[in-house]
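A.B. asks: Supplied in structure tokens, the structure appears directly below.
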Amino acid sequence: MERGAWKSNTGFVLAAVGSAVGLGNIWRFSYMVHENGGALFLLPYIIALLIVGIPILILEFAIGHKMRASAPQSMHTIHSEWEWLGWWPVIFVMFGINLYYVVIIAWCALYMLNSLRSPLPWAEGSEAFFDNQFLRISDSVFVFDGIRWPILLMTVVIWFLLWFICIRRIDRGVEVACKIFMPALLFLVTILVIWGLTLDGAIEGIEEYVWFTRDDLPQLAQIHVWRAAFSQIFFTLSIGFGIMIAYASYLPKKTDLVGSAFIIALADCGFSIFAGFAVFSVLGFMAYTEGVTVAEVVASGPGLSFVVYPEAIALLPGGNHVFGFFFFLALTIAGLTSAMSIVEAFSSAAVDKFGWKRRNVVSVSCLVGAFGSIVFTTGAGFYWLDIVDRFLNQYGLILVGLLECILVIWYYRIDKLHFHLYDANEGGYPPIWDIWWEWSVKYVVPLVLFIILAWSAIEDISTPYGDYPSEAIMMIGMGWLVATFLAAGVFSVYTRHRDNDRLSL
Ligand code: TRP
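Residue 958 in the working numbering sits at position 173 of the sequence shown, and the numbers go up by one each step.
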């Protein structure tokens, strides 16, 4: 079977950046920073990027490129009993994270359309609009209180768009879309940042974002700040998703994987930090107009972007509609290119394993996905989203990262992968790099991830997350992880008899 290929290395980097840059950079990053102490969050965030994010991104590129297959087949090649480690992330991302992710894209698209209405529908107060009119959040996790039809309708539209882009071949679909959307997005965000910085009070917001004092330091002793930073790095770089493995498998034999990894990681995190200036200058502006401190401005959580930005848009002296429209257009586009990448990773995995037709896999999985999204469009959707987001990201992604390292250390040899990286890049790499990468994957990454997982688990057992009843967390959060884990097991067992096409090492 012929594998599609990227037309150029730039195409690959753009698509990988397209996957990495998404709602995570604006929506998730901003509330993570706001919730975890502003500037104080940036320190663990950057540490997580350097000691875990980049090494794992290189590891995933190396695995995908060496095995020339999507995640499950790659894991299978390393050790036939570990195929589930490839299926698990692609399944829980495709039928877990992606289900609510598409709903958030739908919120963005609706806000984009709402921005055109005059007067702005949230003119009376954006938080009240978001909670009581837009989402009409129900009283608790198990009170669904019906479907929010506009949201469901837009969710279906977004799934349709995803399907439409993904049934085309990889080079024509994803690559072309990324080449148009990514530069456009950077342009829009740059305008937002510049606009934001000119607002009254922006300086106070920026101060909160980049400056911390000695008194803030004890916060660094809290595990949840570190856990949030690490899971944000996984989420934002799309690592532990199985996506980067699939993307690297489409590259030509000779390519600079390490260079691409650095470019992608730095561009993505740089983008988040850059966009953060817009978020915090707007927060500063709101604090200024309301006469409160930046920390007091707004309830944090997944609603932050949908409260802060619309509020600011309404408060602006002019151009409100244009500003709002383009901001939410940018978010919608960023989200689409990310969501595309998991449809791609899942369908290439299924095509590789079962030999099914690509078109059919994409169609069926988008249909199943659209049905799965329904729960997030109900009145309790917001709570479900919050719980699923925490659990799949803070346990699922981190665990996958840890297991990938363990698998490679035990059943493959890290120096073999290392050699492959050298071999693929004809020029080799500077010597210092040898020690750094091998040590990271062998010792630093597994150790750090293990500590974070174990410590968080202990903390979560003693104090359940948020105000949710513990059954809800167990059922929704853990349930989702366990169910997708079982599905991954079934997928791997089912394909065991197709062993004959196993590559020889
Ligand atoms: N990295 C993306 C972001 O920052 C997240 C992401 C990538 C994603 N691919 C995805 C989320 C697929 C859901 C489904 O937003």
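Idealized CB from N, CA, C, for every residue including glycine.
#1: Between the Cα of GLY807 and those of GLU866, ASN883, GLN858, spot the shortest distance and give me the residue it belongs to.
#2: Quick check on THR1163: does DSSP put it in helix, strand or coil?
#3: Let's test the definition: count the other Cβ atoms within 10 Å of the Cβ of GLN918 and tell me whether it reaches 16, buried, or not, exposed.
#4: Relative to the C-alpha of GLY1055, which residue among MET817, TYR830, SER793 is closest?
#5: Could you have a look at ILE932 and say whether DSSP puts it in helix, strand or coil?
#6: Let me confirm a value: GLU1081 is counted as buried when at least 16 other C-beta atoms fall within 10 Å, else exposed. Which label applies?
#7: Between ALA894, ASP916, MET1029, ASP1174, which has its C-alpha nearest PRO1309's C-alpha?
#8: Quick one: grab the DSSP three-state call for GLY1025.
#9: With hydrogens ignored, establish whether the beta-carbon of ILE882 is closer than 7 Å to any heavy atom of ligand 1.
#10: Does ALA1014 pass the burial test, meaning 16 or more other C-beta atoms within 10 Å, or should it be called exposed?
#11: Using three-state DSSP, classify ASP1053 as helix, strand or coil.
#12: Taking the alpha-carbon positions, what's the GLU787 to ARG1143 distance?
#13: Which runs of the alpha helix (DSSP H) at least 4 residues long sit entirely within the stretch 887-954? Give them in chain order.
#14: Alpha carbon to alpha carbon, how far is LEU870 from VAL1077? Give it in angstroms, no decimals.
#15: Go ahead and pull the three-state DSSP assignment for THR1074.
#16: Consider the C-beta atom of ASN1178 and the heavy atoms of ligand 1; say whether any pair is separated by less than 7 Å.
#17: For the pair the stretch 844-863 and the stretch 1234-1243, tell me if three or more CB-CB distances fall below 8 Å.
#18: Would you mind giving the Cβ-Cβ distance between ILE988 and GLY1069, rounded to the nearest angstrom? I have them listed as a contact below 8 Å.
#19: For ligand 1, I want to know if TYR886 counts as a neighbour, meaning its beta carbon is within less than 7 Å of at least one of the ligand's heavy atoms.
#20: With distances taken between CB atoms, is the gap from TYR1197 to ILE876 smaller than 8 Å?
#21: Could you check if THR1040 is buried or exposed, using at least 16 other CB atoms within 10 Å of its CB as the buried criterion?
#22: Under 7 Å from any heavy atom of ligand 1, does the C-beta of VAL974 make it?
#23: Does the separation of the CB atoms of LEU1116 and ILE811 fall below 8 Å?
#24: How many angstroms separate the CA atom of GLY1088 from the CA atom of TRP948?
#25: Is the Cβ-Cβ distance between ILE1127 and ILE1028 less than 8 Å?
#26: Alpha carbon to alpha carbon, what distance is there between GLY1274 and SER859?
#27: Please identify the residue among ILE890, VAL1230, PHE1113, PHE1176 whose C-alpha is closest to the C-alpha of LEU1121.
#28: Sort TYR1168, GLY1157, TYR1250, GLY1181 by Cα distance to TRP944 and report the nearest one.
#29: Helix, strand or coil for TRP791, going by three-state DSSP, please let me know.
#30: Return the chain-ordered ranges of every alpha helix (DSSP H) run that is complete within the stretch 1139-1198 and spans a minimum of 4 residues.
#31: Can you give the beta carbon distance from ILE843 to ALA1130, rounded, assuming they're within the 8 Å contact cut?
#32: Using a Cβ-Cβ distance under 8 Å, would GLY986 count as near chain C?
#33: Can you name, in chain order, every residue of its own chain whose Cβ lies under 6 Å from the Cβ of VAL1226, other than the five neighbours on each side?
#34: Does the contact criterion of 3 or more C-beta pairs under 8 Å hold for the stretch 1172-1186 versus the stretch 1253-1269?
#35: Can you round the beta-carbon distance between LEU799 and CYS963 to whole angstroms, since I take them to be within the 8 Å contact cut?
C.D. replies: According to the structure shown:
#1: ASN883
#2: strand
#3: exposed
#4: TYR830
#5: strand
#6: exposed
#7: Here the chain has residues from 786 to 1290 only, and residue 1309 is not among them.
#8: coil
#9: yes
#10: buried
#11: helix
#12: Its pLDDT being 47, under 50, GLU787 is placed unreliably by the model, and the measurement read from it follows with that caveat. The straight-line gap from Cα to Cα measures roughly 12 Å.
#13: 934-951
#14: 48 Å
#15: helix
#16: no
#17: no
#18: 7 Å
#19: yes
#20: no
#21: buried
#22: no
#23: yes
#24: 27 Å
#25: yes
#26: 16 Å
#27: ILE890
#28: GLY1157
#29: coil
#30: 1143-1158, 1166-1176, 1183-1196
#31: Not quite, the Cβ-Cβ distance comes to about 18 Å (not below 8 Å), so this is no contact.
#32: Structure shown: chain C not included; a single protein chain is present.
#33: PRO840, LEU844, CYS1190, ILE1199
#34: yes
#35: 4 Å
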